[in-house]
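Trainee:
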Amino acid sequence: MLTARGVVRRSLPFAALLILASALSLSVGPSGLGLADLVSGSALARTVILGLRLPRLIAGVAAGLSLSACGVVFQGVLGNPLAEPFVLGVAGGAAAAACLAMLAGLPPLACGVAAFAGAALTTLAVLGLGRRGGQVSAAMLLLAGIVANTFFAALIMLATSLASEERLYNIILWLYGDLGRPGLAGALAALAAGLAATILFVARSRRLNLLAAGGEDAADLGLDVGRERLVFYLAASLATGAVVATCGLIGFVGLIVPHMVRLALGSDHRALIPAAALAGAAFLVLADLAARSLFAPLELPVGIVTAFLGAPFFALQLRRRGLTW
Amino acid sequence: MVTPAAVQPILEADGLVFAYPEAAPLIRGVSLSVAPGEVAGLCGPNGSGKTTLLRLLSGRLRAGAGTVRLVGRAVSELSRPEVARLVGVVSQNGHVGFPFSALEVVLMGRAARSRKLFDTEADLIAAREAMELTETLDLAEAPFGHLSGGQRQRVLIARALAQTSGDGPRLLLLDEPAAFLDLKHQLGMCELLWRLAAERGLAVLAVWHDLDLAARFCHRLLLLHEGRLVAVGKPAEVLTPATLEAVFGVTVSVSPDPATGSLRVSPLGRGPVT
């Protein structure tokens, strides 16, 4: 039987992994400065590590934990092993809305609100489209995600065609998923939204178990299925919107990490969500480390790295288990 | 078989009418009641509205007219957890998504009884007791998806028992619990339901396709035809050749089984087309 202590015990290895990844991320960079230089009081080390690497680390943690936790939640609520914010088009909806807000020259907070609205509306639209006769069909849902992504890609292309050259450059760098852009304030805002959503997910994770196991039949176990789903969708939209508004499009984190953690911990969402959040944060921090080390001193947006890892992973999952568990 | 009479019914339905939007009515005025300790069988041809009726009785669907009462209270005024503490449902497909273990599945039945995030010691005791009753305790750690059809049904009944466990009255609604089961497991399922009613005072209302099993293991049968109950009573009163021919559209012979003494229904041929 699962207890609070059991959840902590199962999360510990992932927490250790995150601490390790964070230390590594703060220590490595083209300048060659490390944590030892910071301790010895070097002003340059202070600027580089606390001014550049730390905000980047926080952005990575925020994006990784949010996207991974949202992946677990979408997979659980929808009973679909391939569901995650990017594949469902939810991240795309957030990106398109934020892109239009940026084009209109709105401040970052307004862009964040637009991203949340875009994510929430897309979630409801994609689920509406994927629902057939009261049942959400796994195949229909993924097709609905393709429709949404295609539409939002067109919208983003439209927005970028209309943008001035300077804005275009900013929009494109943001869109590719760059953790260096948000800065400390943006990263902290995204972290706050991600943590809030994750705490809500954990608090309702016993109910998520019922939804994941029973779908509509969870009503017979005493669950208000419609209301519960809506709460999960809105919280997941909030977290996804915050990540997209600050860090751009980072795909497949919500697919790769939850599957790995499920293999290790099983299906109980009370243990799965905190562990997947920690693992997602560690994964993205490491992916970003790779993104800025591979072609150093040139830095790649981390979204490119996750896409290169995620697309084959998606194909493998599709091949191995199709659309069922 | 003696029907437990003169007991306050746990479930009472009165004048139920239901139609899906822009469709012909499926349930056209059904009234029934089920008492503690009673095994009632709901029979009828495909499409007669059996599953829909069960969903109305468990409050999953809202009736267009009529009322459902659980221990005297209107189901529409009870919250989902309140209904779940009184009524356990075992639906037909018995699907459980994700590789949860059998024990985890049974423990899910306890969610309606507690607002806590984690299962308590009491939850575990109730789950184990329910699994013992349904002879599934040795499967506790097995992944639900790896179990046979009969084992899954018994685990889901254990979940319904854990969900409704307590001193108060409780009702089990089952949609074709014997479907997909072989002879031995069909018999085991029926004996289990019979035992739960007799020993634990559960009220059981189950949908049956197999009229012979229904005749043998139900105190009372309710025959549903085109959204109406056309016959209600002891098996011998309901399973008459005339009634069955009118409802199923085939001529049948009904005779007591020499070994068990309960009624057996044998289809003879197509009846007059009406």
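Protein sequences, first through last, are from chains A and B. Residue numbering for the first sequence follows the numbering used here, beginning at 1 and increasing consecutively. Residue numbering for the second sequence follows the numbering used here, beginning at 1001 and increasing consecutively. All residues carry an ideal CB built from backbone N, CA and C; glycine is no exception.
(1) Can you give me the C-alpha to C-alpha distance between Phe-14 of chain A and Val-1087 of chain B, rounded to a whole angstrom?
(2) With a 10 Å radius around its C-beta and 16 neighbouring C-beta atoms as the bar for buried, classify Ala-1005 of chain B as buried or exposed.
(3) Using the C-alpha atoms, what's the distance from Leu-1263 of chain B back to Ala-212 of chain A?
(4) Specify the secondary structure class of Phe-232 of chain A as computed by DSSP and reduced to three states.
(5) So with Cβ pairs under 9 Å, would you call Arg-270 of chain A a contact of chain B?
(6) Would you grab the beta carbon distance between Val-1083 of chain B and Asp-1175 of chain B for me? Rounded to a whole angstrom, and I think it's under 8 Å.
(7) Which residues in chain B have a C-beta closer than 7 Å to the C-beta of Met-1 of chain A? List them in chain order.
(8) Determine the DSSP secondary structure at Asp-1119 of chain B, reduced to helix, strand or coil.
(9) I want to see whether chain B comes within less than 9 Å of Ala-219 of chain A, judged by CB atoms only; does it?
(10) Could you tell me the alpha carbon to alpha carbon distance between Gln-1153 of chain B and Gly-145 of chain A, rounded to whole angstroms?
(11) Can you tell which of B:Leu-1196, B:Val-1265, B:Ala-1206, B:Leu-1042 has the C-alpha that lies nearest to the C-alpha of Ala-1231 of chain B?
(12) Where do the ends of the alpha helix (DSSP H) carrying Arg-1057 of chain B lie?
(13) Hey, does Gly-130 of chain A have any beta-carbon neighbour from chain B nearer than 9 Å?
(14) Compare the Cα-Cα distances from Ala-1019 of chain B to each of B:Pro-1009, B:Gly-1066, B:Pro-1036 and report the closest residue.
(15) Roughly how many angstroms lie between the CA atoms of Val-305 of chain A and Ala-101 of chain A, to the nearest whole one?
(16) Under 9 Å between C-beta atoms, does Arg-1080 of chain B make it to chain A?
(17) Which value, in whole angstroms, describes the spacing of the CA atoms of Ala-1259 of chain B and Val-1238 of chain B?
(18) What alpha helix (DSSP H) runs, 4 residues minimum, are completely inside the region 222-304 of chain A?
(19) Under a CB-based cut-off of 9 Å, is Ser-1253 of chain B close to chain A?
(20) Considering only C-alpha positions, which residue in the set B:Arg-1200, B:Ala-1178, B:Ala-1198 is nearest to Cys-1190 of chain B?
(21) Ordered along the chain, which non-local residues of its own chain (more than five positions away) have a Cβ less than 6 Å from that of Gly-241 of chain A?
(22) Does any CB atom of chain A fall closer than 9 Å to the CB of His-1095 of chain B?
(23) Would you decide whether Pro-182 of chain A is buried or exposed? Buried here means 16 or more other CB atoms lie within 10 Å of its CB.
(24) Counting only beta-carbon separations shorter than 9 Å, does Ala-212 of chain A have a partner in chain B?
(25) Since Thr-122 of chain A is in the beta strand (DSSP E), which residue starts that stretch and which ends it?
(26) Below 9 Å between beta carbons: does that hold for Val-1039 of chain B and Ala-1206 of chain B?
(27) Could you have a look at Glu-1176 of chain B and say whether DSSP puts it in helix, strand or coil?
(28) How many Å lie between Asp-1182 of chain B and His-1209 of chain B at the Cα?
(29) May I ask which residues mark the beginning and end of the beta strand (DSSP E) holding His-1225 of chain B?
(30) Helix, strand or coil: which one does DSSP assign to Ser-1266 of chain B?
(31) Determine which residues of the region 3-14 of chain A have a Cβ less than 7 Å from any Cβ of chain B, and write them out in chain order.
(32) Using CA coordinates, which residue listed in B:Leu-1139, B:Leu-1053, B:Val-1252 is at the minimum distance from Pro-1241 of chain B?
(33) Could you tell me which residues DSSP puts in a beta bridge with Gly-1041 of chain B?
(34) If you follow the beta strand (DSSP E) that Glu-165 of chain A is part of, which residue opens it and which one closes it?
(35) Once the 5 residues before and after Leu-1211 of chain B are set aside, which same chain residues still bring their CB inside 7 Å of it?
(36) From the DSSP output, which residues share a beta bridge with Thr-1251 of chain B?
Mentor: With the given structure in hand:
(1) 41 Å
(2) No answer about Ala-1005 of chain B holds up, because its pLDDT of 49 lies below 50 and its placement is not dependable.
(3) 43 Å
(4) In the structure shown, Phe-232 of chain A sits in a helix (DSSP, three-state: H, G or I).
(5) yes
(6) Not quite, the Cβ-Cβ distance comes to about 17 Å (not below 8 Å), so this is no contact.
(7) Asp-1119, Leu-1124
(8) Residue state, collapsed to three classes: coil.
(9) yes
(10) 35 Å
(11) B:Leu-1042
(12) Looking at the sequence shown, residue 1057 of chain B is not Arg but Leu. First-last of the alpha helix (DSSP H) with Leu-1057 of chain B: 1050-1057.
(13) It does not; no Cβ of chain B falls within 9 Å.
(14) B:Gly-1066
(15) 26 Å
(16) With 9 Å as the cut-off, Arg-1080 of chain B counts as an interface residue toward chain A.
(17) 21 Å
(18) 225-247, 253-265, 269-293
(19) no
(20) B:Ala-1178
(21) Excluding residues within five positions, the ones whose Cβ falls inside 6 Å are Ala-94, Ala-115, Phe-116, Ala-119.
(22) yes
(23) buried
(24) yes
(25) No beta strand (DSSP E) holds Thr-122 of chain A; the alpha helix (DSSP H) holding it covers 108-130.
(26) yes
(27) coil
(28) 14 Å
(29) 1220-1225
(30) strand
(31) Thr-3, Ala-4
(32) B:Val-1252
(33) B:Ala-1206, B:Leu-1221
(34) Segment 165-175 is the alpha helix (DSSP H) holding Glu-165 of chain A; no beta strand (DSSP E) there.
(35) Cys-1043, Leu-1239, Val-1265
(36) In DSSP, Thr-1251 of chain B forms a bridge with B:Gly-1269.
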